[in-house]
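Participant: Under the numbering used here, think of the first position of the sequence shown as 315, with each following residue one higher. Below you will find the structure I want to go over with you.
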Amino acid sequence: MNQYVVIKPHHSTYPDPITLKTGDKVIYGKEDTEYPNWVFCTSTSGKEGWVPKQILSQDKLAPFATVSEDYSAHELTVKVGETLTGLHQLNEWTFCCRDTGEEGWIPDSCLKKIT
């Protein structure tokens with residue numbers, strides 16, 4: 315795990331993020347042009363959000379895909395100077411944890427590795 319300091323603020327744009335469990339089916343939507351390998355999906359509950367392409371396997375019955383691992387699209391709202399622990403990095407985003415235990419995604423462009 316790496317430590318990061320926030321060098322650019324980030325505000326979560328999805329207050330009610332999509333959360334998925336292994337085996338869930340989603341409607342496979344458009345792929346992001348700014349951040350490659352993120353796909354805008356819709357869950358069976360109707361929630362929408364960005365999902366990493368790496369955890370989606372497209373079904374023969376397009377436009378559906380099956381999720382291969384548990385996932386949450388929760389983003390953290392952060393201020394410059396905050397320190398976070400990076401849990402894993404994927405597609406130009408890092409899944410981080412605050413000292414409070416809150417976890418969420420932050421764009422790599424907002425972070426600087428400190429250890």
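Backbone N, C-alpha and C define an ideal beta-carbon position, used for all residues, glycine too. This structure is a prediction, so every number in the text was calculated from the model and none was measured.
Nearest by alpha-carbon distance to I369: which of H388, I341 and T336 is it?
Facilitator: Here the closest residue by C-alpha is T336.
Participant: Can you check DSSP and say which residues form a bridge with K362?
Facilitator: Note that residue 362 corresponds to Glu in the displayed sequence, not to Lys. In the DSSP output, where bridge partners are listed per residue, E362 has T356.
Participant: Are the beta-carbon atoms belonging to G363 and A387 less than 8 Å from one another?
Facilitator: For G363 and A387, yes; Cβs fall inside 8 Å.
Participant: Note the first and the last residue of the continuous beta strand (DSSP E) segment covering Y342.
Facilitator: Element bounds for Y342: K339 to E345.
Participant: By Cβ distance below 8 Å, which residues in the same chain neighbour V394 in space, the five residues on each side in sequence not counted?
Facilitator: V320, I321, K322 and P323.
Participant: Using beta-carbon positions only, say whether W419 and E396 come within less than 8 Å of one another.
Facilitator: Not a contact, by the Cβ cut-off of 8 Å.
Participant: Where do the ends of the beta strand (DSSP E) carrying P421 lie?
Facilitator: Taken as a continuous stretch (DSSP letters only), the beta strand (DSSP E) holding P421 covers E417 to P421.
Participant: Grab the span of the beta strand (DSSP E) containing C424 for me, first residue to last.
Facilitator: Neither: C424 is in no beta strand (DSSP E) and is coded neither H nor E.
Participant: Counting C-beta neighbours from all protein chains within 10 Å, is the total for K367 16 or more, i.e. buried, or is it exposed?
Facilitator: When all chains shown are included, K367 counts as buried.
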